[in-house]
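Chemist: Chain order of the listed sequences is H and V.
Per the working numbering, residue 3 is the first one in the first sequence, and the count goes up by one each step.
Per the working numbering, residue 100 is the first one in the second sequence, and the count goes up by one each step.
Virtual Cβ for every residue (Gly too), placed ideally from N, Cα, C.
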Amino acid sequence: ILNVEQSPQSLHVQEGDSTNFTCSFPSSNFYALHWYRWETAKSPEALFVMTLNGDEKKKGRISATLNTKEGYSYLYIKGSQPEDSATYLCAAPNTGNQFYFGTGTSLTVIP
Amino acid sequence: SQTIHQWPATLVQPVGSPLSLECTVEGTSNPNLYWYRQAAGRGLQLLFYSVGIGQISSEVPQNLSASRPQDRQFILSSKKLLLSDSGFYLCAWDRVRDTEAFFGQGTRLTVV
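Listed below in structure tokens is the structure:
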């Protein structure tokens with residue numbers, strides 16, 4: 003079992019604010035780090051798949067960075083909008099093919 | 100394009116009753132298949148994964164079992180449900196570790 007942790011557990015921000023949250027994972031035998039967005043009543047959807055140390059990926063106002071040596075990834079949301087409200091999950095595979103998810107960060111953007 | 104179907108969407112079952120949740124994938128072959136559960140206030144917990152027909156690995160000892168009778172079919176079962184089996188169950192598939200996973204719509208199971 004892989005220990006993947008996320009913080010904070012929940013976050014409330016005002017519309018227009020920028021925010022970020024953290025995913026930490028074991029740095030040994032790193033293979034990949036995934037970020038998913040999970041909206042209420044929908045399925046989780048992939049945001050980013052990151053594999054290289056120093057990777058930075060961007061999709062619109064959302065970006066993510068990866069540090070495999072120290073075992074963490076940051077997800078940033080610039081200028082939060084109410085539609086960004088969701089739970090953001092990160093996941094990492096072990097040496098097999100099993101993915102382990104963090105408990106997620108629940109983001110609420112207040113209009 | 101690939102799609103994943105999971106049913107039923109919601110289920111209310113009495114303690115001690117059996118369970119069968121089904122998941123099927125279309126548009127791809129030999130996917131890795133997963134069952135996850137989210138218990139109230141907790142994250143996604145990996146229950147079972149399968150890399151091929153008849154190949155099932157369990158992550159957590161529990162009251163549940165899984166089967167993969169066909170390449171793109173994954174079934175989660177229980178002979179006798181417990182109250183602690185209540186939760187939100189998600190089926191997912193992927194090809195390899197560095198590609199994204201795709202999730203079904205989930206099943207909300209309430210054991211009463």
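Going by DSSP, what residues sit across from Ser119(V) in a beta bridge?
Modeler: As a first step, residue 119(V) must be located in the second sequence, where it is residue number 20. For Ser119(V), which the question treats as bridged, DSSP gives the partners Ser176(V).
Chemist: What is the DSSP secondary structure of Pro95(H), counted as helix, strand or coil?
Modeler: Start at 1 with the first residue of the first sequence, and residue 95(H) comes out as number 93. Three-state DSSP puts Pro95(H) in a strand.
Chemist: Between Arg167(V) and the rest of its own chain, which residues show a CB-CB distance below 8 angstroms, the 5 nearest in sequence each way excluded?
Modeler: In the second sequence, counting from the first residue as 1, residue 167(V) sits at position 68. Closer than 8 angstroms at the Cβ level, and outside the excluded window around Arg167(V), lie Leu132, Ser149, Gly151, Ile152, Gly153, Gln154, Ile155, Phe173 and Ile174.
Chemist: Candidates Val111(V), Lys178(V) and Ser157(V): which alpha carbon is nearest Tyr135(V)'s?
Modeler: Looking up residue 135(V) in the second sequence gives position 36. Of the candidates Val111(V), Lys178(V) and Ser157(V), the one whose C-alpha sits nearest the C-alpha of Tyr135(V) is Ser157(V).
Chemist: Does the beta carbon of Phe23(H) sit closer than 9 angstroms to a beta carbon anywhere in chain V?
Modeler: Here residue 23(H) is taken as the residue at index 21 of the first sequence, counted from 1. No, Phe23(H) does not count as interfacial toward chain V.
Chemist: Using C-beta distances below 7 angstroms, list every residue in its chain close to Pro95(H), excluding the 5 sequence neighbours before and after it, in chain order.
Modeler: The residue labelled residue 95(H) in the question sits at position 93 within the first sequence. Same-chain partners within the cutoff: Tyr33, Ala34 and Phe101.
Chemist: CB Glu41(H) to CB Ala93(H), shorter than 9 angstroms?
Modeler: Here residue 41(H) refers to the residue found at position 39 of the first sequence. Here residue 93(H) refers to the residue found at position 91 of the first sequence. Their beta carbons are not under 9 angstroms apart, which means Glu41(H) does not touch Ala93(H) by this criterion.
Chemist: For the segment 86–97 of chain H, which residues have a beta carbon sitting closer than 8 angstroms to at least one beta carbon of chain V?
Modeler: The residues in question are Leu91, Ala93 and Pro95.
Chemist: Which residues in the same chain as Gln83(H) place their Cβ atom closer than 7 angstroms to its Cβ, once the five residues preceding and following it in sequence are excluded?
Modeler: Here residue 83(H) refers to the residue found at position 81 when the first sequence is read from its first residue. Excluding residues within five positions, the ones whose Cβ falls inside 7 angstroms are Glu17 and Val111.
Chemist: What residues in the segment 37–52 of chain H have a beta carbon less than 7 angstroms from any beta carbon of chain V?
Modeler: If the cut-off is 7 angstroms between Cβ atoms, the segment 37–52 of chain H has Ser45, Pro46, Ala48 and Val51 near chain V.
Chemist: Under 8 angstroms by Cβ, that's how I've got His104(V) and Gly186(V) pegged, so tell me the actual separation to the nearest angstrom.
Modeler: On the second sequence, position 5 is the one that residue 104(V) refers to. On the second sequence, position 87 is the one that residue 186(V) refers to. In fact, because the Cβ distance is near 20 angstroms, the residues do not count as touching under 8 angstroms.
Chemist: Across which residues does DSSP place Phe50(H) in a beta bridge pair?
Modeler: Within the first sequence, the letter at position 48 stands for residue 50(H). According to DSSP, which records beta bridges pairwise, Phe50(H) is partnered with Trp37(H).
Chemist: Go ahead and label Ile3(H) buried or exposed: buried means 16 or more other beta carbons lie within 10 angstroms of its beta carbon, across all protein chains shown.
Modeler: Taking the first sequence and counting its residues from 1, the one referred to as residue 3(H) is at position 1. Per the 10 Å Cβ criterion, exposed.
Chemist: Check whether the Cβ atoms of Ser128(V) and Asp170(V) lie closer than 9 angstroms to each other.
Modeler: For the purposes of this step, residue 128(V) is identified with residue 29 of the second sequence, where counting begins at 1. For the purposes of this step, residue 170(V) is identified with residue 71 of the second sequence, where counting begins at 1. In this structure, Asp170(V) lies closer than 9 angstroms to Ser128(V) by Cβ.
Chemist: Which residues, in order along the segment 156–184 of chain V, keep a beta-carbon less than 9 angstroms from a beta-carbon of chain H?
Modeler: Within the segment 156–184 of chain V, the qualifying residues are Ser156, Glu158 and Val159.
Chemist: Identify, in the order they occur along the chain, each residue of the same chain with its Cβ nearer than 6 angstroms to the Cβ of Lys179(V), setting aside the five sequence neighbours on each side.
Modeler: As a working note, residue 179(V) is residue 80 in the second sequence. Excluding sequence neighbours, Lys179(V) sits near Gly115.
Chemist: Taking the CB atoms as reference points, tell me whether Tyr90(H) and Leu109(H) lie closer together than 9 angstroms.
Modeler: Residue numbering aside, residue 90(H) sits at position 88 when the first sequence is read from its first letter. Residue numbering aside, residue 109(H) sits at position 107 when the first sequence is read from its first letter. Against a cut-off of 9 angstroms, the Cβ pair of Leu109(H) and Tyr90(H) comes out as a contact.
Chemist: Just to confirm before moving on: does the CB-CB distance between Gln8(H) and Gly142(V) stay below 9 angstroms?
Modeler: Reading the first sequence from its first residue, position 6 is the one you call residue 8(H). Reading the second sequence from its first residue, position 43 is the one you call residue 142(V). In this structure, Gly142(V) lies closer than 9 angstroms to Gln8(H) by Cβ.
Chemist: Suppose contacts are defined by Cβ-Cβ distances below 9 angstroms. Is Ala200(V) in contact with His14(H) by that definition?
Modeler: The sequence position of residue 200(V) within the second sequence is 101, counting from 1. The sequence position of residue 14(H) within the first sequence is 12, counting from 1. Contact: no.
Chemist: Counting only C-beta atoms, is Val211(V) closer than 9 angstroms to chain H at any point?
Modeler: The residue you call residue 211(V) lines up with position 112 of the second sequence. Answer no: the Cβ-Cβ gap between Val211(V) and chain H never drops below 9 angstroms.
Chemist: Could you name the residues of chain V that Gly3(H) contacts, counting a contact when the two beta carbons are closer than 9 angstroms?
Modeler: Stepping through the first sequence from its first residue, residue 3(H) is reached at position 1. Looking at the sequence shown, residue 3(H) is not Gly but Ile. Simply Leu145, Glu158 and Val159.
Chemist: Along the segment 114–142 of chain V, where does the CB come closer than 8 angstroms to a CB of chain H? Name the residues.
Modeler: The segment 114–142 of chain V vs chain H, Cβ under 8 angstroms: Asn131, Tyr133, Tyr135, Arg141 and Gly142.
Chemist: Does the Cβ of Leu146(V) have 16 or more other Cβ atoms within 10 Å, making it buried, or fewer, making it exposed?
Modeler: What you label residue 146(V) is simply residue 47 of the second sequence in a count that begins at 1. Label assigned to Leu146(V): buried.
Chemist: Using a Cβ-Cβ cutoff of less than 7 angstroms, which residues in the same chain neighbour Val51(H) once the five nearest sequence positions on both sides are dropped?
Modeler: If you number the first sequence from 1, residue 51(H) lands on position 49. Excluding sequence neighbours, Val51(H) sits near Ala34 and His36.
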